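>
There are 2 protein chains.
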Amino acid sequence: MFTDEYFMKMALQEAEKALEQDEVPIGCVIVANNRVIAKSHNLTETLNDVTAHAEMQAITSAANFLGGKYLLNCTLYVTLEPCVMCSGALAWSQISKVVIGARDEQRGFINKGLSLHPKTEVVTGIMENECSEIVKVFFRNKR
Amino acid sequence: MFTDEYFMKMALQEAEKALEQDEVPIGCVIVANNRVIAKSHNLTETLNDVTAHAEMQAITSAANFLGGKYLLNCTLYVTLEPCVMCSGALAWSQISKVVIGARDEQRGFINKGLSLHPKTEVVTGIMENECSEIVKVFFRNKR
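Quick mapping for you: the protein sequence lines, in order, are chains A and B. Using the working numbering, read the first sequence as starting at 12 and increasing by one per residue. Using the working numbering, read the second sequence as starting at 12 and increasing by one per residue.
(1) Interface residues of chain B around Asn44/A at Cβ under 9 Å?
(2) Whole-angstrom Cβ separation of Met96/B and Met96/A, contact assumed at under 8 Å?
(3) Taking the alpha-carbon positions, what's the Met12/B to Val40/B distance?
(4) Out of Arg118/B, Glu34/B and Leu83/B, state which residue places its alpha-carbon closest to the alpha-carbon of Phe149/B.
(5) Give the single residue among Val61/B, Asn59/B, Ile37/B and Cys94/B whose Cα lies nearest to the Cα of Lys50/B.
(6) For Cys142/A, which residues of its own chain have a beta-carbon under 6 Å away from its beta-carbon, when the five flanking residues on both sides are left out?
(7) Report all residues from its chain with a CB closer than 6 Å to the CB of His128/B; omit the five preceding and five following residues, and keep chain order.
(8) Are there 16 or more other CB atoms within 10 angstroms of the CB of Ser98/A, so buried, or fewer, so exposed?
(9) Spatial neighbours of Val47/A within its chain, please: C-beta separation below 6 Å, excluding the five flanking residues on both sides.
(10) Could you check which residue in Thr55/A, Val42/A, Lys123/A and Gly79/A has the C-alpha nearest to that of Phe18/A?
(11) With 8 Å as the threshold, decide whether the Cβ of Ala29/B is near any Cβ in chain A.
(12) Rounded C-beta distance between Asn75/A and Ala65/A? I'm assuming under 8 Å.
(13) Tell me the residue span of the alpha helix (DSSP H) that contains Tyr17/A.
(14) Run through DSSP, which three-state label would Lys108/B get?
(15) Nearest chain A C-beta to Met19/B closer than 8 Å, yes or no?
(16) In three-state terms, what does DSSP make of Thr135/A?
(17) Could you work out which residues of chain B lie near Cys94/A, taking near to mean beta carbons separated by less than 7 Å?
(18) Drop a sphere of 10 angstroms on the beta-carbon of Glu144/A, count the other beta-carbons inside from all chains shown, and report buried for 16 or more, exposed for fewer.
(19) Among Ser107/A, Ala29/A, Lys130/A and Glu116/A, which residue has its Cα nearest to the Cα of Cys2/A?
(20) What residues match up with Gly119/B in a beta bridge as DSSP calls it?
(21) Starting from Ile70/A, find everything on chain D with Cβ-Cβ shorter than 9 Å and list it in chain order.
(22) With DSSP collapsed to three states, give me the class of Thr86/A.
(23) Closer than 9 Å by beta-carbon distance: list the chain A residues that pair up with Ser126/B, in chain order.
(24) Looking at the structure shown, is Ser72/B part of a helix, part of a strand, or coil, going by DSSP?
(25) Here's a check: name, in chain order, each residue in its chain whose Cβ is nearer than 7 Å to the Cβ of Ser72/B, leaving out the five neighbours to either side.
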């Protein structure tokens with residue numbers, strides 16, 4: 012039951028909430044022991060803050076929940092590959108696993124030659140089409 | 012009067028506040044039209060949050076002050092070279108100028124091959140010794 016697809020669907024629901032607020036539709040959840048301990052979506056426009064990416068908020072929120080800044084034994088599910096800023100934050104967090112929906116060839120951390128913490132497992136391509144499509148449709152409608 | 016050294020001294024005062032709280036002593040200020048619009052220091056331990064670097068807080072705070080997320084015509088003064096996370100945030104902010112005290116060869120963005128926004132001017136080595144020394148002394152006392 013608690014598959015990567017199961018939690019990526021929840022991250023996609025977060026992305027849909029962003030879409031409803033006219034935000035770039037990216038969402039994420041952080042899971043510990045099959046329990047969601049943080050969920051968030053991009054809020055850069057609403058908060059007028061370039062740092063308000065889904066992942067940044069979720070990292071802060073999960074650390075608050077756990078009472079410690081390291082996200083050991085946690086998995087982050089995010090609909091779009093993290094950017095440089097978010098990959099840096101994930102590296103500092105020492106999170107155990109990061110599951111990515113769609114790749115972001117241009118702004119994602121992977122093609123910048125960056126990596127997360129050596130302990131962090133990275134999985135890509137979970138519900139890739141759905142995660143990619145929601146962002147594509149958003150930008151198509153903006154033009 | 013409003014030289015880079017003038018504002019770097021204020022950033023160093025912020026670093027000293029971090030030191031008093033047993034935080035890694037890094038401080039920064041953001042200046043617009045020779046006026047300080049944000050100042051902050053590292054608070055990762057106090058807030059239990061890996062994202063609470065001086066620069067991240069100052070970016071959020073300056074955007075809040077300006078009422079917009081882009082830090083055009085702003086200069087950030089920071090005592091230590093920004094990490095990957097903070098460089099990513101600075102890139103998103105499109106800040107005009109970043110003035111760095113001491114380099115961070117290991118964790119700084121420059122040796123990772125990263126760059127800020129194409130519009131952003133980067134200056135290094137302002138009050139380098141003082142900015143470097145405060146961090147060195149902190150870690151020496153930790154051992």
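Here a beta-carbon is modelled for each residue, glycine too, at the ideal position from N, C-alpha and C. Keep in mind it's a predicted model, so treat the numbers as computed, not measured.
Quick look at the numbers:
(1) Within 9 Å Cβ-Cβ: nothing; Asn44/A doesn't reach chain B, min ~20 Å.
(2) 5 Å
(3) If I take the Cα positions, the gap works out to 17 Å.
(4) Among Arg118/B, Glu34/B and Leu83/B, the Cα nearest to that of Phe149/B belongs to Glu34/B.
(5) If you compare the alpha carbons of Val61/B, Asn59/B, Ile37/B and Cys94/B with that of Lys50/B, the shortest gap goes to Ile37/B.
(6) The beta carbon of Cys142/A is closer than 6 Å to those of Thr90, Gly112 and Ala113 in its chain, skipping five residues each way along the sequence.
(7) Closer than 6 Å at Cβ, skipping near neighbours: Ala102 and Gln105.
(8) buried
(9) Val40
(10) Val42/A
(11) no
(12) 16 Å between Cβ atoms; not a contact.
(13) Asp15 to Glu31
(14) DSSP, read as helix, strand or coil, puts Lys108/B in strand.
(15) no
(16) strand
(17) Gly99
(18) The residue in question, Glu144/A, is exposed, as its Cβ has fewer than 16 Cβ neighbours within 10 Å.
(19) With chain A running from 12 to 154 in the structure shown, residue 2/A is simply not present.
(20) Cys94/B
(21) Looking for chain D here will not work: the only protein chains present are A and B.
(22) It is a strand residue.
(23) From the beta-carbon of Ser126/B, no residue of chain A is found nearer than 9 Å; the closest lies around 10 Å away.
(24) Helix, per DSSP.
(25) So the qualifying residues of the chain are Ala49 and Ser51.
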